[in-house]
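Numbering (our numbering), first residue to last: 22 to 120.
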């Protein structure tokens, strides 16, 4: 009589049996929305609006809007990250503009 041996699962097999593939797909989709939104805000056409605000003395309003948006984007991206999305690929507009 032969004894059965157990084989280790690779990462793809673990994802398949745990359902992580579906969650990470949703997580990546959420992260993609945040990434595309920030990429759009970082374009010269959109970011020039903030530069005009700064030039006419409305820097505090511009920074407040960017700070609030940053908080929302970070929160949404955190949800995507918890679901398995890769948040490291997001270039946040706030970081580009203010840091």
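Every residue gets a Cβ at the ideal spot worked out from N, C-alpha and C, and that includes glycine.
Contact belief for residue i with residue j at Cβ below 8 Å, rounded distance in angstroms
i, j, result
"residue 75", "residue 117", "So it is not a contact: roughly 14 Å between Cβ atoms."
"residue 105", "residue 58", "Contact doesn't hold; Cβ gap of about 20 Å is too wide."
Buried or exposed by the 16-neighbour rule on C-beta atoms within 10 Å, applied to residue i
i, result
"residue 94", "buried"
"residue 49", "buried"
"residue 33", "exposed"
Contact set for residue i: own chain, Cβ-Cβ below 8 Å, skip 5 residues either direction
i, result
"residue 51", "97, 98, 100, 101, 104, 106"
"residue 83", "71, 74, 75"
"residue 127", "The requested residue 127 does not occur in the structure, where the chain is confined to residues 22 to 120."
Same chain, Cβ closer than 6 Å to residue i, neighbours up to 5 away in sequence not counted
i, result
"residue 55", "94, 97, 98, 111"
C-beta atoms of residue i and residue j nearer than 7 Å
i, j, result
"residue 113", "residue 87", "no"
Chain-order list of residues whose beta-carbon lies under 7 Å from that of residue i (same chain, five-residue window excluded)
i, result
"residue 53", "none"
"residue 108", "52, 98, 101, 102"
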